[in-house]
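**Student:** Protein sequences appear in the order of chains A and B. Here the first sequence is numbered in this note's numbering, starting from 1 and rising by one per residue. Here the second sequence is numbered in this note's numbering, starting from 1001 and rising by one per residue. Quick one: structure below, then a few questions.
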Amino acid sequence: MSELSTTSNSPLPIKERIILFARNNMGLISTLISILAIGLALLIGGILIAIAGINPWEAITYLIKGSFGNRYGFGETLTRFVPLLFCSLSFAIAHKSGFFNVGAEGQLLMGAVGAVLVGAYIDGLHPVLHVLLCIIAGIIFGAVWAGIAGFLKIFLSSDELINTMMLNYVAILLVDYLIHGPIKPPESYLYVSATILPSAKLPIILSKSPLHLGFIISLLVTAAVFYLIYRTPIGYQMRAVGANRRAASYAGINIVWATIVALITTGGLAGMGGAMELMGTQFKIVNGFSAGYGFDGIGVAVMGRYNPIGILLAALLFAVIRVGMGAMQRGAGVPFPLLNVIQGLIIVFVIASGYLTNKLSETVIGGRA
Amino acid sequence: MMSEEIFLSFRNIRKSFPGVVALDDISLDIYKGQIHALLGENGAGKSTLMNVLYGLYHQDSGEIFLSGEKYEHNTPKNAIRHGVGMIHQHFMLIPNFTVLENIILGQPSPKPPKLEKEYFRNEILKVAKKFGITVDLDLLVEEISVGMQQKIEILKALYKGAELLILDEPTSVLTPQESQELFKMLTELNKKGTTIIFISHKLKEVMQISDNISVLRDGKLIATVKKSETTPHELSRLMVGREIITQYDKAEAKTGEDILILDAITLEDHHNQHRHLLKNVSFKVSQGEIVGIAGVDENGQKELAEIISGLRKPTSGKISMFGKDVTHCTTRQLIEMGMSYIPADRRNQGLVLDFKISENAILETHYQKPFTKGLSLQRKVIDKFANELIQEYDVRTPSINVPVKNLSGGNQQKVIVGREFMKKNHFLLVMQPTWGLDVGAIEYVHQKLLEAREKGVTILLISTDLEEVRKLSDRILVIYEGEIVGEVDSSTDIEEIGLLMAGSHKH
Ligand SMILES: Nc1ncnc2c1ncn2[C@@H]1O[C@H](COP(=O)(O)OP(=O)(O)OP(=O)(O)O)[C@@H](O)[C@H]1O
Ligand SMILES: [Mg+2]
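Right, dumping it as structure tokens:
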């Protein structure tokens, strides 16, 4: 088995040189392809906007200006980024552990419920302690919500995809019920929950913008999550169980335990995302508290190809689109359904580009395994 | 039968993977109507060459000619159209479909949208009759033996019009009897004009059925010889580049106390309470001896291993290990007590295929020192360990960061063997430890087992390879339908053990 020489002086044929270059720069190439895909999706979106009779340049200007063209928009984008990031981390870690969790939406809502209970009804705590307790409550509620699906999977081996999906609807209806009575402040004539106390609110970190401490926390949590999964024994076990349950059990790994930890982490992350959104942005639960973060989180994780940098970038992209599109609608009058179409295009194109990169690296490396 | 017409020829085929040249300028002719064997060490490039032909990989350079015409655009579909059929080592049948349904899967119906099963049935039976294959098309695949499944794979290829059959290590999953049946069938097909490429590590088999033999080493074609002009000895020298020891000098076993004691282990079938997978199994293995369990596949060996390793609990009975009752211990507890287990099915039980070599090297020990310190896995320590493993056990790979799924079959096995041997162990439970290994590597693993025995390690060897069991064991237990039906010593005549394995005690 001779070493493949990559430094030979004799000029290689052009095709082999391209292949060699590609082989050594797969990361760069896949990033370029993703950017190209986004550009292409925007181009098609622009054409659709033009067909709708609106100047696409104007629309794009609003998209950019609205999302990071000024201090407020920039802050808003990064604020949106927070729950998206939590939900995509939640999906990604479940995926690595062989568990299909499409229930982040419900887990996020339940996390917000947990945080509101602690944040609104426990008084007289030091702010640091109060914030911490709210976050912990959010994690626990989210984890329990995921745990129900996990319990059904482990002990009744019923399909977690259906379970987590159904639990989303249960959570949405449950929250609706709660804000119609049990946690509605008696004096309020709106259907909302009680507002959390000032001591439970996350501080603003960029003045004259909505950007709150949750942003920093979310970045730290991302680092922690990937440390957990790639650098710790339990993370190793979760991945082993996800990749081959049987081999993991033959090696003495406790499958049930690894699955439970995975469930706590996936549900806890989504729940924490809900707590952050509540404590930093909305302060109370209203109908439609989550703008579909749980579902967008799946797209973010897939787009980010389950790796940390990819997920951060994809979450940022989604946040830009979400905020910028609001601006497009308000400023340029682009109709909302069209905006959804454009967002969908971007997702589809980026995911398709992922497959393209896969194919490409297969050809470059020389075929399927 | 020996025509001089070339059916297939490879011209200067080159194929590299990152860091490895898997095929290095291979030129080879396969004559029509012959059985051509490919021999070579683990990782020599045999499977890769066949995968290039079948279109699973593309060569970097070089050409392929089929019946004199240049064959381009190699894809599996195109290969089938050109009469190339491949029997993969891991079968691609769907367990809960019938044989018939499996064969017609993906075939266009003559009258869509109707399936026209009856039409297909007749067509398939015609092909089966022509080649003298008897099958029951209505059985579910999960109900039939592995040998039968292989027959179905072959019939499927023939039905699709294969004139060239490629079999990649077909006998490694078969019992000796099934292998003989396969050879009969292959010879029969060959007489009817089918060209066959046969990959195997077993020289005996190669000498039995092939006309021509090509030997690959490190991606290069070393030689092509006629069967009639060579000997197993010469072949193994060509393959490995040195002489192979096949007979070992074993010192008398210095046995100590009883390490493993099974006491009346019984296991009932989940689905059928009246059927026993294991029936009243009792035996002891003492320190420093190798006890072999011989038997035809599917006679309870798998269940026995699962029970001893704590993966499954017996319905009744008691197990003790190192003087402790371990009937209710978990696998991890047993591993920590010093048990090592090499399971039979490396792809599903022994390895996480998507994990890197380094990650697989620590599958059982990752949480222990020095691999984990405090909260974190110690990447440097792990990498150093994995590098030692691939050096010591001669795993052919460019780096420890390669996912094990990209290793050749034999090299995957070496990763498992290395992992289990490098761990601190007092009791080794090994099942088919040399499955898919080349002669050199088999010798190496056997030596390692004997070395361990010298050091006082207790070994229970479960294998369907009777010669392996005889060569290594101090005592042999024969298992038949979940019962231990006899104990013999390793000098016992092979025929006699064979009879016990076939259940002769019952008659
Ligand atoms: N998809 C792949 N990616 C990277 N390397 C590969 C891949 N497939 C094969 N190889 C490498 O190519 C070489 C030849 O492998 P191949 O599977 O052809 O060996 P083999 O002769 O069939 O061995 P065995 O007897 O163990 O099955 C090996 O070094 C292997 O690691
Ligand atoms: Mg092979």
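C-beta: ideal position from N, C-alpha, C; glycine also.
(1) Who does I1222(B) pair with in a DSSP beta bridge?
(2) Return the residues of the stretch 244 to 262 of chain A that lie within a Cβ-Cβ distance of less than 9 Å from chain B, sorted by chain order.
(3) Nearest chain B C-beta to T232(A) closer than 8 Å, yes or no?
(4) Report the rounded CA-to-CA distance for L85(A) versus F1017(B), giving the unit in angstroms.
(5) Check distances from the C-beta atoms of the stretch 1358 to 1379 of chain B to those of chain A and list, in chain order, the residues that come in under 7 Å.
(6) I'd like to know whether the C-beta atoms of T1372(B) and P233(A) end up nearer to each other than 8 Å.
(7) Hey, is K1414(B) close to ligand 2, as in C-beta under 7 Å from one of its heavy atoms?
(8) Just checking: is the beta-carbon of A240(A) within a distance shorter than 8 Å of some beta-carbon in chain B?
(9) So with Cβ pairs under 8 Å, would you call S10(A) a contact of chain B?
(10) Can you check whether the C-beta of G1418(B) is within less than 8 Å of a C-beta belonging to chain A?
(11) What does Y236(A) reach in chain B if we use C-beta pairs closer than 7 Å?
(12) If you draw a straight line from the alpha carbon of S1067(B) to that of I1197(B), how long is it in whole angstroms?
(13) What did DSSP end up calling S157(A) once you bin it into helix, strand or coil?
(14) Assign E3(A) to one of two classes, buried (16 or more other C-beta atoms within 10 Å of its C-beta) or exposed (fewer than that).
(15) Check each residue of the stretch 1401 to 1416 of chain B: if its Cβ is closer than 7 Å to any Cβ of chain A, include it; give the result in chain order.
(16) From this set, L108(A), I136(A), A52(A), which residue's C-alpha is nearest L174(A)'s C-alpha?
(17) Is N1406(B) near ligand 1, going by C-beta to nearest heavy atom under 7 Å?
(18) Give me the residue from K201(A), I154(A), M328(A) with the minimum Cα distance to L63(A).
(19) For ligand 1, any of its heavy atoms closer than 7 Å to the Cβ of N1042(B)?
(20) Under the rule that 16 or more other beta-carbon atoms within 10 Å means buried, what is K1313(B), buried or exposed?
(21) Give the straight-line distance between the Cα atoms of F1322(B) and E1483(B), rounded to the nearest whole angstrom.
(22) Sort L43(A), E76(A), Y72(A), N70(A) by Cα distance to I60(A) and report the nearest one.
(23) Ligand 2 and D1438(B): does the residue's C-beta get closer than 7 Å to at least one heavy atom of that ligand?
(24) Would the stretch 295 to 303 of chain A and the stretch 46 to 57 of chain A be scored as touching if the rule is three or more Cβ pairs under 8 Å?
(25) Let me confirm a value: H130(A) is counted as buried when at least 16 other C-beta atoms fall within 10 Å, else exposed. Which label applies?
(26) Measuring only the C-alpha atoms, how far is S5(A) from Q1391(B)?
(27) Could you list which residues in chain A have their beta carbon closer than 9 Å to that of R1332(B), in chain order?
(28) Quick check on the burial criterion: 16 or more other C-beta atoms within 10 angstroms. Buried or exposed for A1162(B)?
(29) From the DSSP secondary-structure annotation, give me the bridge partner or partners of V1291(B).
(30) Using a Cβ-Cβ distance under 8 Å, would V1352(B) count as near chain A?
(31) Span of the beta strand (DSSP E) holding H1276(B)?
(32) Say the cut is 7 Å; is the CB of G1409(B) nearer than that to a heavy atom of ligand 2?
(33) Run the CB neighbour count on R368(A), radius 10 Å, all protein chains shown included, and call it buried at 16 or more, exposed below.
(34) Rounded to whole angstroms, how far is the Cβ of G103(A) from the Cβ of G242(A), which I believe are closer than 8 Å?
(35) Going along the stretch 1115 to 1128 of chain B in order, which residues come within less than 8 Å of chain A, judged by CB to CB distance?
(36) If contact is defined by three or more beta carbon pairs under 8 Å, each pair taking one atom from either stretch, is the stretch 140 to 147 of chain A in contact with the stretch 204 to 223 of chain A?
**Tutor:** Taking the coordinates as given:
(1) DSSP output for I1222(B) lists no bridge partner at all.
(2) N244, R246, A247, A248, S249, Y250, A251, G252, I253, N254
(3) yes
(4) 37 Å
(5) L1363, E1364, H1366, Y1367, T1372, L1375, S1376, L1377
(6) yes
(7) no
(8) yes
(9) Model confidence at S10(A) stands at a pLDDT of 49, short of 50, so the residue's coordinates are unreliable and nothing is read from them.
(10) no
(11) H1366, L1377
(12) 15 Å
(13) coil
(14) Residue placement at E3(A) cannot be trusted, given a pLDDT of 39 that sits under 50; what the coordinates show is reported in the next sentence. By the neighbour-count rule (16 or more Cβ atoms within 10 Å), E3(A) is not buried but exposed.
(15) K1405, N1406
(16) L108(A)
(17) yes
(18) M328(A)
(19) yes
(20) exposed
(21) 24 Å
(22) L43(A)
(23) no
(24) no
(25) buried
(26) With a pLDDT of 40 at S5(A), under the threshold of 50, the modelled position of this residue cannot be trusted, and the question is left open.
(27) A251, G252, I253, N254
(28) buried
(29) L1460(B), R1475(B)
(30) yes
(31) 1276 to 1286
(32) yes
(33) With a pLDDT of 37 at R368(A), under the threshold of 50, the modelled position of this residue cannot be trusted, and the question is left open.
(34) G103(A) to G242(A), Cβ: 17 Å. No contact.
(35) none
(36) no
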